[in-house]
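To keep things clear, I will list the structure first and then write my remarks on it.
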Amino acid sequence: MKENIKQLSLEELTGVLASWKEPAFRAGQIFSWIYQKGADDFAGMSNLPQPLRRRLGENFCLSGLELASFRESLDGTKKFLFKLPDGKFIEAVNIPAQNRATGCISSQAGCKFACAFCASGALGFKRNLSSAEILDQVLYLKNDSSQALTHIVFMGTGEPLDNYDNVLKAVRIMNSDWAFNIGARRITISTCGLVPAIARLAEEGLQIELSVSLHAADDKVRDALMPVNKRYPIKELIDSCRKYINRTNRQVTFEYILARGVNSDLPNAGKLSKILAGLNCKVNLIPINPQKEEGLQPPSKRDILFFRDALVKSGVAVTLRRPRGQDIEAACGQLRLRYEKD
Ligand code: SAH
51 MKENIKQLSL
61 EELTGVLASW
71 KEPAFRAGQI
81 FSWIYQKGAD
91 DFAGMSNLPQ
101 PLRRRLGENF
111 CLSGLELASF
121 RESLDGTKKF
131 LFKLPDGKFI
141 EAVNIPAQNR
151 ATGCISSQAG
161 CKFACAFCAS
171 GALGFKRNLS
181 SAEILDQVLY
191 LKNDSSQALT
201 HIVFMGTGEP
211 LDNYDNVLKA
221 VRIMNSDWAF
231 NIGARRITIS
241 TCGLVPAIAR
251 LAEEGLQIEL
261 SVSLHAADDK
271 VRDALMPVNK
281 RYPIKELIDS
291 CRKYINRTNR
301 QVTFEYILAR
311 GVNSDLPNAG
321 KLSKILAGLN
331 CKVNLIPINP
341 QKEEGLQPPS
351 KRDILFFRDA
361 LVKSGVAVTL
371 RRPRGQDIEA
381 ACGQLRLRYE
391 KD
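Residue numbers (the numbering used here): 51 to 392.
Set out below in C-alpha cells:
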C-alpha cells in the first residue's frame, strides 16, 4: 500500500523532493493543495509539473479514511464514523457554535484505560492511529464543515498521551501555517492522567491546552472510576500538573464528570477545592452522559448547581459543560465502535 502523504512533515516531504531533484518550494505547494484547498488527487494540482504529479501519485496516497456512516444531531453536531484500511473504525465529531467549530478527534482505535463511565474502553484497545490518520480526521471535518474549523480537541476515542509521538507530530502539523494553521491555544489534549507523559509534554514548548480527566477528589473513588489511578494516584497526578503549570505558564483544565451518589456531594466539592488550592487551573464540570440505564447517572440539576457554587465559593474557577450531540451518541464518552467485527 502507498504511504499517506500526510504522514510527512514539510521537512520530510522536502527531503523526498530533493531526492527526486525537485525544488524545496514544491513541498509547500503540495501541502497547500492538500490542507488548504482540499485537493483529493495529485492530478489536479495545476501548478505542479505533470511528471511530478504523476510521481506523487505513484508513491503516495491522499487519505486513508473511508466514511462508513454519518449522523447529524438536532443541535448541529455531526458525527462521522470512518473505516480505516485495516478494517478498524474510528469516530470524529464536529461541534459547531456561533463563532467557532470544534473538531473532536480520536487518537487511537479503541482504548486501554477502561474508565467505568466511558464507552470507548468497553471494546478494548485496537491500535494507535498514525499521525496521518489523525490529520485525515481534521481534514475531513474541515472540508465538510460550513464554518471554519477553529478548534481541535483530542476527546474522541483513545488516550492521546498513550500515542504520544504520533499525536505530537499531528499537533505540530495542524498548527503549521502550511497546513491548518490552527493556533496551539485552540488545540486541546485531554488525558486520563499519564504522569510521565505530562512531564514530557511540559518540555515540548507548545502553547496547547492541557485537559486532565480528574473526575474524583479521592483515590478510592478515582480507583473505582478510572483504573489508571492505581498506577498514577491523585497526589502524583496533581504534582505533575503543578510542575506542568510552572514550566509552561499555562492554565490546566480539570474535567470532572458528575455522577449521582459517587462524586457530586458537597464533601466531594470540599475535597476537590482542597486538592486544587493554589493551582492555576479551572474545573470543567460535566454531568455524566449515562451509558446504560442501570449504570451511572447524572445528579439532579439542583445538586449540580450546589456542587458548582461550592467550588466557586472556595475560589475555584468553574465552567459547566452543556452536552452536545446527545441524541446521536456523539456526547462525551458516548462514542462506540460498535460497527467493528473482530
Ligand atoms: N483519554 C482521554 C480523552 C478521551 S475522553 C481522557 O481521558 O481525557 C474525553 C473526555 O470525555 C474526558 O474528559 C472523559 O473523561 C470524558 N467522558 C468520558 N465518558 C464520559 C461520560 N460518560 N460522560 C461525560 N464525559 C465523559
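Just so you know, even glycine gets a beta-carbon here, dropped at the ideal spot from N, CA and C.
Would you grab the beta carbon distance between valine 33 and leucine 260 for me? Rounded to a whole angstrom, and I think it's under 8 Å.
A question about residue 33 goes unanswered here, because the residues of the chain that appear run from 51 up to 392.
Inter-residue Cα distance where the pair is alanine 93 and glutamine 100
Taking the first residue of the sequence shown as position 1, residue 93 is located at position 43. Taking the first residue of the sequence shown as position 1, residue 100 is located at position 50. Their backbone Cα atoms lie some 8 Å apart in a straight line.
Using the C-alpha atoms, what's the distance from lysine 192 back to alanine 198?
Here residue 198 refers to the residue found at position 148 when the sequence shown is read from its first residue. Here residue 192 refers to the residue found at position 142 when the sequence shown is read from its first residue. Cα-Cα distance, rounded: 7 Å.
CB-CB under 7 Å to asparagine 203, same chain, minus the five flanking residues each way: which ones, in chain order?
By one-based count along the sequence shown, residue 203 stands at place 153. Before going further, note that residue 203 is valine rather than asparagine in the sequence given. These residues qualify, in order along the chain: Thr152, Cys154, Thr238, Ser240.
When the Cα atoms are used, what is the spatial distance from aspartate 392 to tyrosine 306?
Within the sequence shown, residue 392 is the residue found at index 342, counting from 1. Within the sequence shown, residue 306 is the residue found at index 256, counting from 1. At aspartate 392 the pLDDT is 46, less than 50, meaning the model places this residue with poor confidence; the figure from the coordinates comes in the next sentence. One C-alpha to the other measures close to 33 Å.
Per DSSP, what are the beta-bridge partners of isoleucine 202 in this structure?
Against the sequence shown, residue 202 aligns to sequence position 152. For isoleucine 202, which the question treats as bridged, DSSP gives the partners Gly153, Ile237.
Taking 7 Å as the cut-off, is the C-beta of serine 450 nearer than that to any heavy atom in ligand 1?
Any question about residue 450 goes unanswered here, given that the chain covers just 51 to 392.
Just to confirm, is the Cβ distance from valine 333 to valine 368 under 8 Å?
Along the sequence shown, read from residue 1 onward, the residue named residue 333 stands at position 283. Along the sequence shown, read from residue 1 onward, the residue named residue 368 stands at position 318. In contact: valine 333 and valine 368 (Cβ atoms closer than 8 Å).
Is the beta carbon of phenylalanine 356 less than 8 Å from the beta carbon of leucine 308?
As a first step, residue 356 must be located in the sequence shown, where it is residue number 306. As a first step, residue 308 must be located in the sequence shown, where it is residue number 258. Not closer than 8 Å, so no.
By the three-class DSSP mapping on this structure, what secondary structure does lysine 293 have?
Here residue 293 refers to the residue found at position 243 of the sequence shown. DSSP places lysine 293 in helix when its eight states are reduced to three.
Is phenylalanine 204 near ligand 1 - that is, is its Cβ less than 7 Å away from at least one heavy atom of it?
Taking the sequence shown and counting its residues from 1, one reaches residue 204 at position 154. Checking the Cβ of phenylalanine 204 against ligand 1 gives yes.
Where does isoleucine 232 sit, in a helix, a strand or coil, going by DSSP?
Residue numbering aside, residue 232 sits at position 182 when the sequence shown is read from its first letter. The answer is coil: DSSP assigns isoleucine 232 none of H, G, I, E or B.
From the DSSP output, in three-state form, read off isoleucine 258 for me.
By one-based count along the sequence shown, residue 258 stands at place 208. Coil.
Length of the line joining the Cα atoms of isoleucine 145 and threonine 127
Along the sequence shown, one-based indexing puts residue 145 at 95. Along the sequence shown, one-based indexing puts residue 127 at 77. Near 5 Å, if we compare the C-alpha coordinates of threonine 127 and isoleucine 145.
On the DSSP letters alone, give me the boundaries of the alpha helix (DSSP H) that valine 66 sits inside.
Within the sequence shown, the letter at position 16 stands for residue 66. Residues 60 to 69.
How many Å lie between serine 314 and proline 349 at the Cα?
As a position in the sequence shown, residue 314 is number 264, starting the count at 1. As a position in the sequence shown, residue 349 is number 299, starting the count at 1. If I take the Cα positions, the gap works out to 7 Å.
Whose C-alpha, out of Leu185, Ala68, Asp377, is nearest the C-alpha of serine 113?
Working through the sequence shown from its first residue, we reach residue 113 at position 63. When each option's Cα is compared against that of serine 113, the closest is Leu185.
Using a Cβ-Cβ distance cut-off of 8 Å, determine whether leucine 67 contacts chain B.
The question asks about chain B, but that chain is absent: this structure has only one protein chain.
Who pairs with lysine 333 in a beta bridge, going by DSSP?
Position 283 of the sequence shown, counted from the start, is the residue given in the question as residue 333. Before going on, a small fix: residue 333 reads as valine here, not lysine. According to DSSP, which records beta bridges pairwise, valine 333 is partnered with Phe304, Val368.
Do glutamate 254 and ligand 1 come close, with the Cβ less than 7 Å from some heavy atom?
Numbered from its first residue, the sequence shown carries residue 254 at position 204. Not so, every heavy atom of ligand 1 lies at least 7 Å from the Cβ.
Which residue spans inside the region 63 to 143 form an unbroken alpha helix (DSSP H) run of at least 4?
75 to 81, 100 to 109
For arginine 374, which of helix, strand or coil comes out of DSSP?
Walking along the sequence shown from the start, residue 374 turns up at place 324. Of the three classes helix, strand and coil, the one that applies to arginine 374 here is coil, per DSSP.
Given this structure, state the Cα-to-Cα distance separating serine 181 from valine 271, to the nearest angstrom.
Here the question's residue 181 lines up with position 131 in the sequence shown. Here the question's residue 271 lines up with position 221 in the sequence shown. If I take the Cα positions, the gap works out to 35 Å.
Is it buried or exposed, lysine 87, if we count other Cβ atoms within 10 angstroms and call 16 or more buried?
Locating residue 87 in the sequence shown gives position 37, where the first residue counts as 1. Lysine 87 comes out exposed.
Per the DSSP calculation, proline 146 is bridged to which residue(s)?
Here residue 146 corresponds to residue number 96 of the sequence shown, with the count starting at 1. Answer by DSSP bridge pairing, in chain order: Ala151.
Compute the Euclidean distance between the alpha carbons of lysine 56 and phenylalanine 132, then round it to the nearest angstrom.
Indexing the sequence shown from 1 puts residue 56 at position 6. Indexing the sequence shown from 1 puts residue 132 at position 82. Approximately 17 Å between the Cα atoms of the pair.
Which residue or residues does DSSP assign as beta-bridge partners of glutamate 53?
Walking along the sequence shown from the start, residue 53 turns up at place 3. Looking at the DSSP assignment, glutamate 53 forms a beta bridge with Phe110.
Does the region 161 to 178 touch the region 116 to 127, meaning 3 or more C-beta pairs lie closer than 8 Å?
no
What whole-angstrom Cβ distance do phenylalanine 163 and leucine 346 have, given they're in contact under 8 Å?
Working through the sequence shown from its first residue, we reach residue 163 at position 113. Working through the sequence shown from its first residue, we reach residue 346 at position 296. That pair is no contact at about 16 Å.
Through-space distance from isoleucine 284 to glutamate 343, alpha-carbon basis:
Start at 1 with the first residue of the sequence shown, and residue 343 comes out as number 293. Start at 1 with the first residue of the sequence shown, and residue 284 comes out as number 234. Cα to Cα, the separation comes out at about 29 Å.
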